[in-house]
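Residue numbers (our numbering): 2 to 150. We put the CB at the ideal spot given by N, CA and C, even for glycine.
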């Protein structure tokens, strides 16, 4: 025998609130919180998935530090490394080792810049999605609520 769903009046999800706390390190964080009013007939699961994706993509912490990014730009601004005979007799690194190290440094710098650019693109897209939600914004700072007596 096949079961049929009864269309009885019952509880309905009319509002979803989701928040995401992003740890920035050094005892700092950024919290995004969104409350959405659901019109009748809207799928709460699909709205929750979209909100979760958007809040997760708003990652405020860069994948590469500012210092590493500046160093990467400087490294890539240098001419391409070439094999040079050494001026001194360094017993620790051969000219081939120096060349390998410099090429590895350039590759690491290129990857840092690629990761940073991908993060920027992803974050910008998430900010556009976040902005498309509309509504109002409220900025709070915990230091505004300190009770120093």
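Its chain contains 23, 25 and 31 as the residues whose beta carbon lies nearer than 7 Å to that of residue 61, once the 5 sequence neighbours on both sides are disregarded; these appear in chain order. Contact between residue 36 and residue 18 holds, with the beta-carbon distance rounding to 4 Å and staying under 8 Å. If the five residues before and after residue 49 are omitted, its C-beta is found closer than 8 Å to the C-beta atoms of 17 and 19, all from its own chain and listed in chain order. By the neighbour-count criterion, in which a residue is buried when 16 or more other Cβ atoms sit within 10 angstroms of its Cβ, residue 131 is buried. Runs of alpha helix (DSSP H) with 4 or more residues, each lying fully within the segment 27 to 96, are found at 45 to 58 and 67 to 78, listed in chain order. Rounded to whole angstroms, the separation of the alpha carbons of residue 14 and residue 70 is 45 Å.
In this structure, residue 116 keeps its C-beta atom at 9 Å or more from the C-beta atom of residue 59.
Between residue 96 and residue 104, the C-beta spacing is not below 9 Å. Rounded to the nearest whole angstrom, the CA to CA distance from residue 53 to residue 46 is 10 Å. Take residue 21, set aside five residues on each side of it, and the residues of its chain with a beta-carbon closer than 6 Å to its own are 33 and 56, in chain order. Closest in alpha carbon position to residue 76, among 120, 43, 107 and 135, is 107. In the three-state reduction of the DSSP assignment, residue 121 falls in the helix class, which pools H, G and I. A distance of 9 Å or more separates the beta carbons of residue 63 and residue 110.
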